[in-house]
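Peer 1:
Protein chains: 2
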Amino acid sequence: MRGAGQQAILEAARHEFAERGYAAASIRDIARRAGVSLSAMYHYYTGKQELLHALVNDSGQAYFESCRKELEAAGDDPGERLAALVRATVRYRAEYRLESSLTLTEWRSMSEAQLEDFQRRQFDGSRMFQQIVEDGVDQGVFRTPHPDDARRGVIAMCNAIAQWYREGGELSVDELAERYVELALVLVEYRPAGRRPRHPA
Amino acid sequence: MRGAGQQAILEAARHEFAERGYAAASIRDIARRAGVSLSAMYHYYTGKQELLHALVNDSGQAYFESCRKELEAAGDDPGERLAALVRATVRYRAEYRLESSLTLTEWRSMSEAQLEDFQRRQFDGSRMFQQIVEDGVDQGVFRTPHPDDARRGVIAMCNAIAQWYREGGELSVDELAERYVELALVLVEYRPAGRRPRHPA
DNA sequence: CCGATGAATGAACGATCGTTCAGGTACGAG
DNA sequence: CTCGTACCTGAACGATCGTTCATTCATCGG
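Written out as structure tokens, the structure is:
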């Protein structure tokens with residue numbers, strides 16, 4: 001369990017980093033925002049870098065956990081599995097907006113070890129999508145002639161949500177997720193097995 | 202015409218900003234990379250901020266010029282027009298990779314006037330897409346039930362190219378553009394007028 | 001020949017940054 | 001009571017940052 005002071009510092013860093021960017025954010029402003037002294041931060045964290053690490057790590061783990069759960073609940077159909085992954089990704093990008101923007105734009109500022117972790121995770125995440133799209137194409141339910149580009153497109157679409165979504169918009173996170181599931185399935189040209197390959201009237 | 206020294210400075214800034222990010226890049230490193238003294242830069246530019254401004258402005262104008270030309274060559278069909286816009290955007294993101302990443306991730310660092318310009322341009326760019334998608338839906342050639350999200354998806358797909366594309370890859374820029382045109386038309390569910398609304402065998 | 005202009009330089013200034021340090025409370029265990 | 005530990009503080013350090021300044025050198029029109 002993290003103490004109240006530590007939590008306040010992490011929250012302040014979250015907002016400062018997101019608003020100014022890692023390099024431009026000052027730990028003095030972070031401490032001021034958290035309502036503690038500058039040196040209090042060094043009691044909990046070894047430095048500015050570790051603040052970034054903590055934020056990115058926490059939210060990254062939450063994402064993979066969410067993916068795991070969604071995939072577990074999904075069946076064997078690639079369409080279902082892709083939908084599960086898109087749902088998890090949309091929810092993550094919308095609910096962890098600030099951390100998402102941080103991860104997507106400030107990876108330059110990470111330490112070497114941190115960057116390695118991050119790239120491995122990004123690779124793993126991309127692989128989950130890749131595997132599912134590949135399976136769908138093999139099984140003939142995804143008709144896209146460009147599986148790699150379609151996959152990249154789906155991921156890019158979902159990632160971009162972090163840049164424009166705001167709480168209290170016209171769509172709830174769940175509605176947004178379902179809408180993006182639709183778009184993703186369109187992009188990979190999903191045609192459920194057993195159905196006639198023609199368009200509904 | 203810009204002199205050789207000025208051009209070298211701009212080139213150095215382009216790479217330094219892209220590699221380290223605007224805030225983390227130092228003008229001393231930029232000057233060193235350009236092979237000129239620190240103060241030589243202040244002979245051409247009023248400061249660090251103007252370097253960013255010059256880079257973003259130059260490439261932004263090139264983008265809109267490219268869009269204008271492509272749209273001019275396109276006909277009236279929304280499919281053709283969307284294809285033209287996607288082509289221009291993909292080419293821009295691939296050929297102006299560094300400036301693209303700068304614009305997409307470092308808008309926080311812009312001055313107030315600069316940011317206003319940038320947001321207006323982004324708005325105008327988004328409006329071009331929006332108008333075309335709207336027309337396509339009205340004319341019944343774009344069948345997507347979610348025009349706004351499809352448009353955002355197309356733009357996000359194209360923008361993401363700046364993050365992964367490298368010169369000398371397996372696809373040329375033109376091939377990449379045509380592929381993304383295909384994907385974009387799939388995403389808006391383009392069904393050319395006059396054709397039967399069923400799938401080809 | 002001369003003065004103006006453009007190009008370029010090294011040294012310095014003030015500010016801010018991340019970090020460290022020495023110390024001060026509050027509190028529970030012995 | 002006392003010691004240790006967790007929590008927190010203000011002050012300072014060294015480095016780097018963006019920027020400015022005084023100056024030099026070359027070029028060229030008059």
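From first to last, the protein sequence lines are chains V and Y.
Residue numbering for the first sequence is 1 to 201, as defined by my numbering.
Residue numbering for the second sequence is 202 to 402, as defined by my numbering.
C-beta atoms are modelled at their ideal positions from N, C-alpha and C, and glycine is treated no differently.
These figures come from a predicted structure and were not determined experimentally.
Name the two residues that bound the continuous alpha helix (DSSP H) containing proline 78 of chain V.
Peer 2: As a position in the first sequence, residue 78 of chain V is number 78, starting the count at 1. Under the DSSP assignment, proline 78 of chain V falls in the alpha helix (DSSP H) whose first and last residues are 78-95.
Peer 1: Would you mind telling me which residues of chain Y sit closer than 7 angstroms to threonine 105 of chain V, beta carbon to beta carbon, in chain order?
Peer 2: If you number the first sequence from 1, residue 105 of chain V lands on position 105. Thr306, listed in chain order.
Peer 1: Cα separation between glutamine 119 of chain V and tryptophan 107 of chain V?
Peer 2: Along the first sequence, read from residue 1 onward, the residue named residue 119 of chain V stands at position 119. Along the first sequence, read from residue 1 onward, the residue named residue 107 of chain V stands at position 107. Cα-Cα distance, rounded: 9 angstroms.
Peer 1: So if I threshold CB-CB distances at 7 angstroms, which residues from the segment 253-268 of chain Y count as touching chain V?
Peer 2: none
Peer 1: In chain order, what residues of the same chain have a beta carbon less than 7 angstroms from the beta carbon of arginine 288 of chain Y, not counting five sequence neighbours either side?
Peer 2: Counting from one through the second sequence, the residue named residue 288 of chain Y turns up at place 87. Here the set comprises Glu271, Ala378 and Val382.
Peer 1: Would you give the residue range spanned by the alpha helix (DSSP H) that glycine 326 of chain Y belongs to?
Peer 2: To locate residue 326 of chain Y, count along the second sequence from 1; it is residue 125. From DSSP, the alpha helix (DSSP H) with glycine 326 of chain Y extends over 313-340.
Peer 1: Does the distance from the CB of glutamate 335 of chain Y to the CB of proline 346 of chain Y come in under 8 angstroms?
Peer 2: Numbered from 1 along the second sequence, position 134 holds the residue referred to as residue 335 of chain Y. Numbered from 1 along the second sequence, position 145 holds the residue referred to as residue 346 of chain Y. The answer is no: Cβ separation not under 8 angstroms.
Peer 1: Per the contact definition of three or more C-beta pairs closer than 8 angstroms, is the segment 366-373 of chain Y in contact with the segment 160-179 of chain V?
Peer 2: no
Peer 1: Pair every Cβ in the segment 351-362 of chain Y with every Cβ in the segment 152-164 of chain V, then say whether three or more of these pairs are closer than 8 angstroms.
Peer 2: Taking 8 angstroms as the limit for Cβ pairs, the verdict is that the segment 152-164 of chain V does touch the segment 351-362 of chain Y.
Peer 1: Taking glutamate 99 of chain V as the reference, which of V/Leu183, V/Glu19 and V/Gln7 has the closest Cα?
Peer 2: Numbered from its first residue, the first sequence carries residue 99 of chain V at position 99. For the residues V/Leu183, V/Glu19 and V/Gln7, the minimum Cα distance to glutamate 99 of chain V belongs to V/Glu19.
Peer 1: So, for serine 213 of chain V: in the same chain, excluding its five sequence neighbours on each side, which residues have a beta-carbon less than 8 angstroms away from its beta-carbon?
Peer 2: The structure shown has nothing for residue 213 of chain V, since chain V only spans 1 to 201.
Peer 1: Among the residues of its own chain, which have a CB less than 6 angstroms from the CB of alanine 162 of chain V, if the five just before and after it don't count?
Peer 2: One-based indexing of the first sequence puts residue 162 of chain V at position 162. Closer than 6 angstroms at the Cβ level, and outside the excluded window around alanine 162 of chain V, lie Arg93, Arg97, Ser100 and Ser101.
Peer 1: Based on the DSSP secondary-structure assignment, which residues constitute the bridge partners of phenylalanine 142 of chain V?
Peer 2: Here the question's residue 142 of chain V lines up with position 142 in the first sequence. Beta-bridge pairing links phenylalanine 142 of chain V to V/Tyr190.
Peer 1: Checking contacts by CB at 8 angstroms: is glycine 21 of chain V closer than that to chain Y?
Peer 2: Here residue 21 of chain V is taken as the residue at index 21 of the first sequence, counted from 1. Judged by the 8 angstroms Cβ criterion, glycine 21 of chain V is in contact with chain Y.
Peer 1: Quick one: give me the first and last residue of the alpha helix (DSSP H) that alanine 23 of chain V is part of.
Peer 2: Position 23 of the first sequence, counted from the first residue, corresponds to residue 23 of chain V. Segment: none, alanine 23 of chain V is in no alpha helix (DSSP H) and carries neither H nor E.
Peer 1: Report yes if the C-beta distance between alanine 226 of chain Y and glutamate 212 of chain Y is below 8 angstroms; otherwise report no.
Peer 2: The sequence position of residue 226 of chain Y within the second sequence is 25, counting from 1. The sequence position of residue 212 of chain Y within the second sequence is 11, counting from 1. In this structure, glutamate 212 of chain Y does not lie closer than 8 angstroms to alanine 226 of chain Y by Cβ.
Peer 1: With a 10 Å radius around its C-beta and 16 neighbouring C-beta atoms as the bar for buried, classify histidine 244 of chain Y as buried or exposed.
Peer 2: In the second sequence, residue 244 of chain Y corresponds to position 43, counting from 1. Histidine 244 of chain Y should be labelled exposed.
Peer 1: When the Cα atoms are used, what is the spatial distance from leucine 386 of chain Y to glutamine 122 of chain V?
Peer 2: Within the second sequence, the letter at position 185 stands for residue 386 of chain Y. Within the first sequence, the letter at position 122 stands for residue 122 of chain V. Each residue's alpha carbon lies about 28 angstroms from the other.
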